[in-house]
Amino acid sequence: MTAPGTAGTAPARATGTAVVTGLGVVAPNGLGVAEYWAATLRGESGIGRITRFDPAPYSAQLAGEVTLDTASRLPSRLLPQTDRMTQLALIAAEEALADAGADPRQLADYATGVVTAASAGGFEFGQRELEALWSKGGAYVSAYQSFAWFYPVNSGQISIRHGMRGPGSTLVAEQAGGLDAIAKARRHVRDGTALMLAGGVDGSLCPWSWVCMIRSGRVSPVTEPSRAYLPFDLDVTGHVPGEGGALLVVEDPGEARQRGVDRIYGVVAGHAATFDPQPGSGREPGLRRAIELALRDARLSVAEVDVVFADAAGVAALDRVEVDTLATVFGPRAVPVTAPKTMTGRLLGGGAALDVATALLSLRDSVIPPTIHIDRPAFAEAIDLVGSEPREATLTNALVLARGQGGFNSAMVLRRPA
């Protein structure tokens with residue numbers, strides 16, 4: 001097996017540090033890094049009434065949909081074998097690699113790998129094939145159903161398309177999975193893999209999956225887009241689901257320099273994941289411990305965190321847990337808190353990865369993106385929530401938080417490159 005590094009050259013020595021050199025974004029309010037970031041700073045929302053099926057019979061009718069004809073961006077042979085979430089992931093992967101100036105096929109065998117997050121898999125593809133089974137019979141079910149529905153399919157399709165034959169896996173922790181996937185990529189880089197593609201692009205906007213999400217009791221029934229997803233607000237009613245996310249190129253800085261990279265978005269400085277205790281146990285939720293362990297991993301004090309990208313569940317009880325945790329760890333109103341996902345909705349396994357991309361852009365440009373539509377803050381005495389306008393600030397370290405339904409907690413510290 002060829003050692004990691006550029007084919008035909010000696011591999012760079014691993015430093016134990018993992019940096020982000022490329023970003024690929026597909027979001028309801030913007031496609032590509034530049035479009036998404038500009039829309040986010042303008043406070044533009046991508047949340048609206050569902051268009052891909054008639055939502056009228058359902059108790060929730062809003063979602064963050066990505067406006068993109070994937071057929072215009074992908075080879076025709078891939079379309080019949082992939083769910084829409086995989087098509088979006090392939091587009092994000094291509095953009096991230098191009099942004100990093102990386103061609104995995106030009107690197108050594110097994111020097112590159114893929115780790116993605118997923119919540120369930122290709123529900124939309126699965127519903128279509130089940131309808132064919134029920135209405136026409138088994139002979140009409142696509143053979144691609146055998147893998148198109150499967151939650152690791154994004155990792156598999158990306159690795160095949162780009163020849164990324166090194167470590168490959170998928171993490172399932174709902175919203176928290178995006179951070180965990182990036183952290184796992186960091187471990188692979190520290191272990192000697194030259195370059196990893198990591199993050200999450202997710203989505204499940206079809207009647208079958210919609211019923212499942214509504215049953216959680218956490219989806220907002222409000223039909224006015226500007227009033228549906230209001231985390232940390234007195235009028236909170238639940239969250240709005242969405243599709244999309246981000247994929248990041250994570251690599252060793254020595255390997256990046258050897259490839260001629262002269263632009264680094266940031267350093268993945270710390271991470272921790274925890275699990276909530278059994279409900280009714282009387283024990284503290286695991287979010288605080290995740291934050292403290294991530295800061296310890298990054299060797300930072302609480303005073304060195306310049307901004308927090310909140311999980312922002314949009315459920316009153318869960319928002320209270322997050323606010324109390326932040327006030328306990330940092331002190332009341334001690335650090336700016338933002339939730340740009342109010343413009344996209346919660347993107348399942350893709351949401352936290354998009355928050356990481358957003359945080360890196362925030363560090364780059366020294367500006368904190370807004371949290372829109374929060375007209376009646378419920379916790380003004382406890383957190384310094386950035387409002388409807390972006391806030392300029394001196395930023396060195398950002399903390400990104402994510403919680404997944406079922407008790408998952410994840411925290412990641414990002415550092416601006418020196």
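Residue numbers (the UniProt record's numbering): 1 to 418. By construction, the Cβ of each residue, glycine as well, lies at the ideal position given by its N, Cα and C atoms. This one's a predicted model, so the numbers in the text were calculated from it and none came from an experiment.
Check	Outcome
G113 versus A98 - alpha carbon distance	16 Å
Terminal residues of the alpha helix (DSSP H) in which T116 lies	That residue, T116, is in no alpha helix (DSSP H); its beta strand (DSSP E) goes 112-117.
Validate contact between the segment 190-201 and the segment 240-249 using beta carbons, cut 8 Å, 3 pairs	yes
Exposure of G8, with buried meaning 16 or more beta-carbon neighbours within 10 Å	With a pLDDT of only 36 at G8, under the threshold of 50, the placement of this residue in the model should not be trusted, and no figure is reported.
Beta carbon of P28 nearer than 8 Å to that of T358	no
Per-residue DSSP class, three states only, for N29	coil
Reduced DSSP secondary structure (H/G/I, E/B, other) of R391	strand
G177, enclosing beta strand (DSSP E) - first and last residue	Where G177 is concerned, there is no enclosing beta strand (DSSP E), although the alpha helix (DSSP H) it sits in stretches over 177-190.
Span of the alpha helix (DSSP H) around D235	First-last for D235: undefined, no H or E at that position.
C-beta contact flag for S63 and V240 at 8 Å	In the sequence under discussion, the amino acid at residue 63 is Ala, which differs from the Ser named in the question. Cβ atoms of A63 and V240: closer than 8 Å.
Beta-carbon separation (whole angstroms), V367 vs R391, contact threshold 8 Å	7 Å
Short Cβ contact (8 Å threshold) for A96 with H162	no
Within 8 Å, strictly: CB atoms of A273 and A298	no
Member of S119, A317, Q278, G270 whose CA lies at the smallest distance from the CA of Q175	S119
P336, enclosing alpha helix (DSSP H) - first and last residue	Taken as a continuous stretch (DSSP letters only), P336 belongs to no alpha helix (DSSP H), being part of the beta strand (DSSP E) at 336-338.
DSSP bridge partner residues for G22 (one or two, in chain order)	V249
Pair within 8 Å by beta-carbon distance, R333 and D365	no
Proximity below 8 Å, CB of A327 to CB of V400	no
C-beta atoms of R288 and T338 nearer than 8 Å	no
Cβ-based neighbour list, Q157, same chain, cut-off 8 Å, excluding 5 preceding and 5 following	L78, T82, T86, A89, L90
Rounded straight-line distance, which links the Cα of D202 to that of L68	14 Å
heavy atom of the ligand ZN below 7 Å from E129 C-beta	With respect to the ligand ZN, the structure shown offers nothing to examine, as it has no ligands at all.
Secondary structure of S410, DSSP reduced to three states	strand
Distance, G349 Cα to T170 Cα	10 Å
Cβ shell of S142 (< 6 Å), same chain only, five flanking positions each side left out	E129
G314 (DSSP reduced to helix, strand or coil)	coil
contact_flag[the segment 175-194, the segment 14-24] where n(CB pairs < 8 Å) is 3 or more	yes
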